[in-house]
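Inspection log for the structure reproduced underneath, given as C-alpha cells.
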Amino acid sequence: MGWGTGMDNQINEVTIVGGGTAGWLTAAFLVRFMNLRNKQNPVIITLIESPNVPTIGVGEATVPTMPGLLRSLGISEKEFFIRCNASFKLGVRFSNWNHDRQGRGTSFIHPFDGISTQLGGQNPAYHFHKFGGPPGRDNIDDCLAVSGAAIAAKVGPKLLTHGDYESQLNYAYHLDAGKFAEFLREISIGRGVNHVLDDVEEIEQDERGYISALKLQRQGRHPVELVIDCTGFKGVIINQVLGVPFRDYSKYLLNNRAMAVQIPHRDVSKIEPCTNSTALGAGWVWRVPLYNRIGTGYVFSSNFRSDDEARDEFLAHLGDDGKKAEPRVIPVRIGRMERAWEKNCIAIGLSAGFIEPLESTAIYMIENFVKLLLINFPDKSFPPILSQRFNEKTEKMMQSIRDFIILHYCTNNREDSEYWRVAREEMELPESVENLLEEYRHTLPVNTDFDGVYLFNYFSYNTILFSKGYLGGIRYPAERFIVREDWDQRIADFLKYEQKKLAGLPNHYQLLRKIRGEDDAQVPQSGISFGGFGGPAFGAPPGGIQMPQATVQLGGGPMKPSIRFAAKKSEEPAKKAEQDDLSGSHIL
Ligand SMILES: Cc1cc2nc3c(=O)[nH]c(=O)nc-3n(C[C@H](O)[C@H](O)[C@H](O)COP(=O)(O)OP(=O)(O)OC[C@H]3O[C@@H](n4cnc5c(N)ncnc54)[C@H](O)[C@@H]3O)c2cc1C
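Read the sequence shown against our numbering and you will find it ends at 589, with the numbers running on by one and no gaps.
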C-alpha cells in the first residue's frame, strides 16, 4: 500500500459552510492547491452559504503577506485592484494612543518596510535608545524604516512601470470586504468549487459524534466527510453542535463592540497609503481608505460607553464627514475556540476566534489556518496527531497575535480617561506578555524571542515599545559597547537608502489610477518630495547608495512574509501564475 491508510480511506469531498471572506478564501485556496496539479483524483469542494444570514461586512485592511497569497492563488493583481476597489497600505498610523508631557496625543507609524541589519554587533535599536534620532526623526520608525516617509509623501510602493506584484516597498492592501468575497467566489466557482445557496438547518452526527450530514432548508440532506465551519461568530458547527469551549480573552482585552460606517472621500487624490488607528475615550477608530470610499469604525468597550454614547463620540470624531452617517453596531466576541479542529470539523475565520482588528490580523489568520489544514490534511481515519498539531499551532498563532495587541494597551500612558487607566492598570496580563515586558527592562527585543513567530517580530515590538515611551529611563547594560560614530554613519546611510527606496515612486492616487487603467490624468514620474518629512536639513544628495550590510542579520524586515517571490513582470499574470511554482506565499 505504501501511502498512509490507502486510497479507499481518502477524503474525496470537503464541505465549507459560510460564504464570507473566510469561506471563499478557504475555497479558493483549497481548489488551487488540492486540485490544480491533481487532475486524476480531485477533491470535490462544495461551499454552502445562507442567502439569509449576511456576512459581517467589515474586515478591509490586511498585512504584507497578502500580495504573496493572492499571487500564489494565481490572481491578477490588477484585476483584484479594480474589482475590490483596493488601495495600498504601507503601515499603520497610531494616533493619540499615548500622550506627551503636555497631555497632547502622540503619533507613530507601525511600518512594513525597514532595515534590520545589526550595527556594531547589536540591534541598532540600542543606538536609537542611547543617542536618539536626528532632528525631526523622534520615533524609531523614522530612523530604521522608510514606510513613514512614503506615507507622509502619499506615494505608492510601486513604480508606474512595475507589473503585478512588483514593488519597491513592502505593502499590504485595503479592500472592499464584500467585493473581495464576490471576487473569490467567481474565481473559485470558475475553478470547480460547487456553490450551494441554502441554510444549514440541522446537523447529523454519527455514533462517534463526527458530522455525517447537514440538513439544508431547501435542498435536503448533504452528506459530509470533512466540514469547514466558516459561519462567523455563531460557529454553527464548532460551537453550537460540537460544543467546543470558547476561550474568552475579555480578561486581557476590554473591547467587545464595534460600530462601522462608510463615508466618502473628501478628496480622493489625497488618499493615504496607510490605515489610521486613532484612540478615543473608550477604544479606537479605524480608518481604511479604499479607492471609492473610506471604511471607518469605532471599536469600544460597553463597560465604558453605551451604544448611544459611543455613537455620539464617534460621530463627533468624524465631524462633517459623519454628518449623514448611521453607524451599524457589531457585537464582537474576543477569544478563540479551545480547539479549532474537532473530530471532522475545522473552524476557520470568526468561528475559530477573533482578536480585535487593531493590527488587521484576521484575514492573515484565515490564510494561515487554511495553509495548516492543507499541510496536515487527514484521511478518513482522522489521526488525532494531525488535529493536535493543527490546534497547537493555531493556538500559538492566536496567542502571539493576542500578546502583541495587548502590548498596545498596557503601555498606554493616558490619564484622561478611566478606560485607558483600566486598560493599563487593571487588565490581566498573560504570563507571556509579563515575561517579555520584564525582559525588555534589561534587553531589547530580538527575533529569537518569538519562537515560532507568525507575524510580529522584534521590529514590531521595538516600534510599539519605543513609540509609546515604555523604554524611557532604562539604561541597558549592552549599550555600553556602542558608539555614536556608528549611529551617525548609520543615519547618514539610512537617509540615502530611504531616498533611493522612495525615488521615482508615484503619488498613491495616480498609481491606483494607472493600475485601474484610468490614467488619463497627468501622471508625474516622481511623486516624492522630501520637504514634508524631515525637511531640507536631510537634503538628499544625488544618486543613491546601497545600505551597507552588516555581517549578522537579526531577521527579516518588519512584518515581512518569510519568503518573498522574486518580482516578475507578466502580460497575463493570472495565466502566468497558473504555471508558477505552487509552493505558496510563505511556508509555515
Ligand atoms: C469590527 C471588525 C473589524 C474588522 N477589521 C478587520 C480588518 O481590518 N482586517 C482583517 O483582516 N479582519 C478584520 N475583521 C475580521 C474580518 O471581518 C473577518 O475575519 C472576515 O470577514 C471573515 O469573516 P467570516 O467569513 O469568518 O464570517 P462572516 O463574514 O460572518 O460570514 C459568515 C458566513 O456564514 C454564513 N452562515 C451563517 N450561518 C449559516 C447557516 N446556518 N447556513 C449557511 N450559512 C450560514 C453566512 O451567510 C455568511 O456567509 C474585522 C472584524 C470586525 C468585527
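Beta carbons: idealized from backbone N, C-alpha and C, even for Gly.
The structure displayed is predicted, hence computed values, not measured ones.
Residue i - DSSP class collapsed to helix/strand/coil
i: Leu513; result: helix
i: Leu437; result: helix
i: His409; result: helix
i: Pro562; result: Residue confidence is low: Pro562 scores 34 on pLDDT, short of 50, so the model does not pin down where it sits. Its coordinate-derived value is still stated next. Three-state result, Pro562: coil.
i: Gln169; result: coil
i: Ile12; result: coil
i: Pro128; result: According to the sequence displayed, residue 128 carries His and not Pro. His128 falls in the helix class under three-state DSSP.
i: Pro332; result: strand
i: Ile475; result: coil
i: Gly528; result: For Gly528, the pLDDT reaches just 37, beneath the cut-off of 50, and the residue's location in the model is therefore unreliable, although a value from the coordinates is still provided. Coil at Gly528, not helix or strand.
i: Gly149; result: helix
i: Phe247; result: strand
i: Met428; result: coil
i: Asn36; result: helix
i: Arg72; result: helix
i: Phe539; result: Residue confidence is low: Phe539 scores 23 on pLDDT, short of 50, so the model does not pin down where it sits. Its coordinate-derived value is still stated next. Here Phe539 sits in helix by DSSP.
i: Arg481; result: helix
i: Asn97; result: strand
i: Gly323; result: helix
i: Arg312; result: helix
i: Phe82; result: helix
Same chain only: Cβ atoms within 6 Å of residue i, ignoring 5 sequence neighbours per side
i: Phe405; result: Phe457
i: Tyr172; result: Phe89, Leu91, Pro158
i: Tyr471; result: Thr412
i: Pro543; result: Reliability fails at Pro543, whose pLDDT of 27 lies under 50, so the model's placement of it is uncertain and the value that follows must be treated cautiously. Correct list: empty, nothing qualifies.
i: Ala23; result: Cys231, Ile349, Gly350, Ile367
i: Gly19; result: Cys231, Thr232
i: Arg337; result: Arg248, Gly354, Met399
i: Met67; result: Ala173, Tyr174
i: Arg192; result: Val32
7 Å CB neighbourhood of residue i in its chain, flanking five on each side removed
i: Gly21; result: Thr56, Ile57, Ala182, Cys231, Gly233, Gly350
i: Lys502; result: Val147, Gln169, Leu170
i: Ala29; result: Leu74, Leu185, Ile188, Ser189
i: Arg442; result: Ile475
i: Phe224; result: Residue identity check: residue 224 is Pro in the sequence provided, not Phe. Excluding sequence neighbours, Pro224 sits near Ser213, Ala214.
i: Arg517; result: Phe82, Ile83
i: Asn293; result: Asn86
Residue i, enclosing alpha helix (DSSP H) - first and last residue
i: Gln500; result: 485-503
i: Gly221; result: From DSSP, Gly221 is part of no alpha helix (DSSP H) but of the beta strand (DSSP E) over 221-224.
i: His443; result: Unbroken run through His443: none, as it is neither H nor E.
i: Lys372; result: 363-376
i: Gly179; result: 178-191
i: Ser468; result: 459-468
i: Gly24; result: 22-31
Cβ-based neighbour list, residue i, same chain, cut-off 8 Å, excluding 5 preceding and 5 following
i: Glu100; result: Inspection of the sequence shows that residue 100 is occupied by His rather than by Glu. Contacts found: Gly106, Thr107, Asn414, Arg415, Glu416, Asp417.
i: Ile12; result: Val44, Glu226, Leu227, Phe378, Pro379, Asp380, Lys381
i: Ser302; result: Leu255, Asn256, Asn257, Arg258, Ala283, Gly284, Tyr420
i: Asp487; result: Leu120, Gly121, His128
Per DSSP, cross-strand counterpart(s) of residue i
i: Trp287; result: Ser278, Gly298
i: Ile17; result: Leu48, Ile229
i: Val156; result: Asn508
i: Met398; result: According to DSSP, which records beta bridges pairwise, Met398 is partnered with nothing at all.
i: His196; result: Leu48
i: Ile264; result: Ile295
i: Glu343; result: Cys346
i: Met67; result: Beta-bridge pairing links Met67 to no other residue.
i: Glu203; result: Lys216
i: Ala259; result: Val300, Ile331
Unbroken beta strand (DSSP E) run spanning residue i, endpoints
i: Ala173; result: 173-175
i: Cys346; result: 346-348
i: Thr107; result: 106-112
i: Val237; result: Val237 -> no beta strand (DSSP E), and no H or E assigned at all.
i: Lys90; result: 88-90
Distance between beta carbons of residue j and residue i, contact taken as under 8 Å
i: Ala280; j: Asn140; result: So it is not a contact: roughly 16 Å between Cβ atoms.
i: Val93; j: Cys275; result: 6 Å
i: Tyr462; j: Tyr127; result: Incorrect: roughly 14 Å between the Cβ atoms, too far for contact.
i: Arg288; j: Thr297; result: 5 Å
i: Asn240; j: Val333; result: At roughly 15 Å, the Cβ-Cβ gap does not stay under 8 Å, so Asn240 and Val333 are not in contact.
i: Val286; j: Asp308; result: About 15 Å; that fails the 8 Å criterion.
i: Leu291; j: Glu61; result: 7 Å
i: Asn195; j: Thr47; result: 4 Å
i: Ile49; j: Val156; result: About 44 Å; that fails the 8 Å criterion.
i: Asp264; j: Ala326; result: Rather than Asp, the amino acid found at residue 264 in this sequence is Ile. 6 Å between Cβ atoms; contact.
i: Leu145; j: Ile116; result: 6 Å
i: Ile407; j: Leu430; result: 7 Å
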